[in-house]
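Visitor: Residue numbers (my numbering): 36 to 602. Note that beta-carbon positions come from the ideal geometry of N, C-alpha and C, so glycine has one too.
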């Protein structure tokens, strides 16, 4: 058939190869066009660049939706269904074809058409596509040239015969769809299909946010916000049912930054309670009761339920750590070796008293020592497991470590309040390891201020770690930690913890000296020191009674056969 020029579109020639069926279709905005195409060069060989039939899937475009190859919309809307036509297009219409072609090839391979792209402005995007890795496309980019498109129009879909995606809708259409989506979500919730309902609510929120973004500060913007709030709350309720608690925390917190909504506080409180954030959950529940007095009874029930769950959790943790906390005759210590928990056997007897090289140990002391060795053997088995953990500083730079230190300290403080001393000790120990690594990076002579700052961070962490060790019965570790601290700092807390550790180990002389020194430095602490000494004396007497040792046996062991008056 003869070639024809399309009116109002210079640089386009059309040749009908096979006539279509029926009258000329109507193409309103949003009409779905399904077609096959073949792209060739305008040369003697008619070199084929692309052919949609190779991918076995036809192409689809929507009228009026700004497809990159705008000329294709012109070509297709000049055809009947079933028609096959050849179009010659001048270079002014084919400049973007390499970009379109690369995207279509990636889609045919099941990949993202935007994969590997970088955001650029102006002609930068064209230079980027110069290096597509496809020689035939790079050639077209460098030297735009006329191309021939052979099109076959397969079908013309009604604009409302398919579910339209958000990018295809106008402002008014989006606003009309939102109430329908809201009702669909409510129906799905009643059916217990929470995942589908959440997706429906989320779709409605996205539509409203899109419209809202184009009119900030407008009165309509405020009205749209009122529509968004219940949709977000419904979405969060679905996430609660699906146990996606951190998703709830994220969206309710974002909502509460703009609106002090009672339902948002309540849902966030439920999410905090589910992830064991006791303090945050309690605060949000109390806020609910303060904002709406009629919900006070409900809040009381939730708080009681939260307290019961926390008690159960603490009991479970206590049982889990029972084997670690209840040692028979041995001591478990936390060594500063890469943050790993290690155990060391003690050479002292069960009573904690030391013997000279020439002294003869009693049968009870030998029995206690054998018990220590047996317990140390059991702890050695656990040591192999603990050594499997890698050092916490691996793969972290100094900035990451510096940011982690205060976070770990806060986590440790929270765990101490919850009486979870073992976990708190792990947090403090990890933070101390980071500080040690940071100190190794600092030149003391050149960066004295940085070194002093790190030392100020190290002191409270070490004291907190020592306090955890006291609570866990790790008295030798307490002494070791505080001995190092007292070489640099004259700290009363470190002295007091050392004195308590000496007392717990029944090292009477060292404990009395330490408590006397504390009372001398701060007379206000004298009553506390006296009380601690009294506790130590009672503990020693109870130990002697348990071991069936008389006063004379103890005196002979302490001062020798001649008593305290003889050397």
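1. Can you check which of these residues, 175, 310, 259, is closest to residue 211 by C-alpha distance?
2. Are the beta-carbon atoms of residue 115 and residue 186 separated by less than 8 Å?
3. Provide the residue span of the alpha helix (DSSP H) that contains residue 108, from first to last.
4. Rounding to the nearest angstrom, what Cα-Cα distance links residue 424 and residue 439 in this structure?
5. Skipping 5 residues on each side, what residues in its chain have a beta carbon closer than 6 Å to that of residue 507?
6. Out of 214, 271, 322, 325, which has the shortest C-alpha to C-alpha gap to residue 306?
7. From the DSSP output, in three-state form, read off residue 85 for me.
8. Distance, Cα to Cα, residue 138 vs residue 170?
9. Taking the alpha carbon of residue 220 as the point to measure from, which residue in 175, 179, 267 has its own alpha carbon closest?
10. Using the Cα positions of residue 73 and residue 48, report the straight-line distance between them to the nearest angstrom.
11. From residue 408 to residue 464, what distance separates their C-alpha atoms?
12. Would you list the residues sitting across from residue 124 in a DSSP beta bridge?
13. Please list the segments of the alpha helix (DSSP H) lying wholly inside the stretch 222 to 305, counting only runs of 4 or more residues, in order along the chain.
14. Grab me the residues of residue 308's own chain with a C-beta within less than 6 Å of its C-beta, minus the 5 sequence neighbours each way, in chain order.
15. Give the DSSP-derived three-state secondary structure of residue 511 in the structure shown.
16. Return yes when the Cβ of residue 181 is within less than 8 Å of the Cβ of residue 125, no when it is not.
17. Can you tell which of 77, 85, 188, 87 has the C-alpha that lies nearest to the C-alpha of residue 108?
18. Residue 69 and residue 105: beta carbons closer than 8 Å?
19. Among 313, 318, 328, 118, which has the Cα closest to the Cα of residue 348?
20. Using 10 angstroms around the beta-carbon of residue 133, count the other beta-carbons present and answer buried if the total reaches 16, otherwise exposed.
21. Closest to residue 466 by CA distance: which of 83, 295, 498 is it?
22. DSSP has residue 94 in a bridge; who is on the other side?
23. Ignoring anything shorter than 4 residues or poking outside the stretch 518 to 581, list the alpha helix (DSSP H) runs there in chain order.
24. Let's test the definition: count the other Cβ atoms within 10 Å of the Cβ of residue 292 and tell me whether it reaches 16, buried, or not, exposed.
25. Just to confirm the assignment, what range does the alpha helix (DSSP H) spanning residue 170 have?
26. Please report whether the beta-carbon of residue 56 lies at a distance below 8 Å from any beta-carbon of chain C.
27. Would you grab the beta carbon distance between residue 194 and residue 93 for me? Rounded to a whole angstrom, and I think it's under 8 Å.
28. Can you name, in chain order, every residue of its own chain whose Cβ lies under 6 Å from the Cβ of residue 130, other than the five neighbours on each side?
29. Here's a check: name, in chain order, each residue in its chain whose Cβ is nearer than 6 Å to the Cβ of residue 290, leaving out the five neighbours to either side.
30. Please report how far the alpha carbon of residue 529 lies from the alpha carbon of residue 325, in whole angstroms.
31. So which of 52, 135, 141, 491 has the shortest CA-CA distance to residue 120?
32. Run the CB neighbour count on residue 301, radius 10 Å, all protein chains shown included, and call it buried at 16 or more, exposed below.
33. Could you tell me the boundaries of the alpha helix (DSSP H) in which residue 315 lies?
34. Taking DSSP's pairing of strands, which residues face residue 188 in a bridge?
35. From residue 392 to residue 310, what distance separates their C-alpha atoms?
36. For residue 54, count neighbouring Cβ atoms within 10 angstroms of its own Cβ and tell me buried if that reaches 16, exposed if not.
Guide: For this structure:
1. Looking up residue 211 in the chain shown gives position 176. Comparing Cα-Cα distances from residue 211 to each of 175, 310, 259, the minimum goes to 259.
2. What you label residue 115 is simply residue 80 of the chain shown in a count that begins at 1. What you label residue 186 is simply residue 151 of the chain shown in a count that begins at 1. No, Cβ-Cβ distance for residue 115 and residue 186 is not below 8 Å.
3. Numbered from its first residue, the chain shown carries residue 108 at position 73. Taken as a continuous stretch (DSSP letters only), the alpha helix (DSSP H) holding residue 108 covers 105 to 111.
4. In the chain shown, the residue the question calls residue 424 occupies position 389. In the chain shown, the residue the question calls residue 439 occupies position 404. Interpretation of residue 424 is limited by its pLDDT of 42, a score under 50 that renders its predicted location unreliable; the figure taken from the coordinates is listed afterwards. Taking the straight line from one Cα to the other gives about 18 Å.
5. In the chain shown, residue 507 corresponds to position 472, counting from 1. Answer for residue 507: 456, listed in chain order.
6. Start at 1 with the first residue of the chain shown, and residue 306 comes out as number 271. It is 271.
7. Numbered from 1 along the chain shown, position 50 holds the residue referred to as residue 85. Note: residue 85 maps to strand in three-state DSSP.
8. Here residue 138 is taken as the residue at index 103 of the chain shown, counted from 1. Here residue 170 is taken as the residue at index 135 of the chain shown, counted from 1. Distance between the alpha carbons of residue 138 and residue 170: 15 Å.
9. Mapped onto the chain shown, residue 220 falls at position 185. If we check each option's Cα against that of residue 220, 267 comes out closest.
10. Here residue 73 is taken as the residue at index 38 of the chain shown, counted from 1. Here residue 48 is taken as the residue at index 13 of the chain shown, counted from 1. Answer to the nearest angstrom: the Cα atoms are 16 Å apart.
11. Sequence index remark: in the chain shown, residue 408 carries index 373 (1-based). Sequence index remark: in the chain shown, residue 464 carries index 429 (1-based). Confidence is the limiting factor: at residue 408 the pLDDT is only 48, short of 50, which leaves the residue's position unreliable, though a coordinate-based value still follows. C-alpha separation (whole angstroms): 27 Å.
12. As a first step, residue 124 must be located in the chain shown, where it is residue number 89. DSSP output for residue 124 lists 47, 182 as bridge partner(s).
13. 229 to 247, 254 to 276, 280 to 291
14. Within the chain shown, numbered from 1, the residue matching residue 308 stands at position 273. Excluding positions up to five away in sequence, the list reads 316, 341.
15. Residue mapping note: residue 511 aligns to position 476 of the chain shown, counting from 1. Of the three classes helix, strand and coil, the one that applies to residue 511 here is helix, per DSSP.
16. Taking the chain shown and counting its residues from 1, the one referred to as residue 125 is at position 90. Taking the chain shown and counting its residues from 1, the one referred to as residue 181 is at position 146. In this structure, residue 181 lies closer than 8 Å to residue 125 by Cβ.
17. Here residue 108 refers to the residue found at position 73 when the chain shown is read from its first residue. The option with the nearest alpha carbon to residue 108 is 188.
18. Translated into the one-based positions of the chain shown, residue 69 becomes position 34. Translated into the one-based positions of the chain shown, residue 105 becomes position 70. Cβ atoms of residue 69 and residue 105: not closer than 8 Å.
19. Residue numbering aside, residue 348 sits at position 313 when the chain shown is read from its first letter. Nearest option by C-alpha distance: 313.
20. Numbered from its first residue, the chain shown carries residue 133 at position 98. That one is buried.
21. Here residue 466 refers to the residue found at position 431 when the chain shown is read from its first residue. Closest by alpha carbon: 498.
22. Translated into the one-based positions of the chain shown, residue 94 becomes position 59. DSSP output for residue 94 lists 70 as bridge partner(s).
23. 527 to 539, 543 to 556, 561 to 581
24. For the purposes of this step, residue 292 is taken as residue 257 along the chain shown, with counting starting at 1. Answer is exposed; the Cβ neighbour count stays below 16.
25. Numbered from its first residue, the chain shown carries residue 170 at position 135. Unbroken alpha helix (DSSP H) run through residue 170: 170 to 177.
26. Absent from the structure is chain C; it holds one protein chain and no more.
27. Position 159 of the chain shown holds residue 194. Position 58 of the chain shown holds residue 93. Not confirmed; about 19 Å, so no contact.
28. Here residue 130 refers to the residue found at position 95 of the chain shown. Result list for residue 130: 179, in chain order.
29. The residue you call residue 290 lines up with position 255 of the chain shown. Correct list, in chain order: 267, 299.
30. Within the chain shown, residue 529 is the residue found at index 494, counting from 1. Within the chain shown, residue 325 is the residue found at index 290, counting from 1. Using only the alpha carbons, I get a separation of about 43 Å.
31. The sequence position of residue 120 within the chain shown is 85, counting from 1. Checking every option, the nearest Cα to that of residue 120 belongs to 52.
32. For the purposes of this step, residue 301 is identified with residue 266 of the chain shown, where counting begins at 1. Buried is the call here.
33. As a first step, residue 315 must be located in the chain shown, where it is residue number 280. Run containing residue 315: 313 to 326, per the alpha helix (DSSP H) assignment.
34. Within the chain shown, the letter at position 153 stands for residue 188. Looking at the DSSP assignment, residue 188 forms a beta bridge with 70.
35. Taking the chain shown and counting its residues from 1, the one referred to as residue 392 is at position 357. Taking the chain shown and counting its residues from 1, the one referred to as residue 310 is at position 275. Here residue 392 scores only 35 on pLDDT, less than 50, and its place in the model should not be relied on; the value that follows carries that caveat. So the alpha carbons of these two residues sit roughly 56 Å apart.
36. For the purposes of this step, residue 54 is taken as residue 19 along the chain shown, with counting starting at 1. With fewer than 16 Cβ atoms within 10 Å of its Cβ, residue 54 is classed as exposed.
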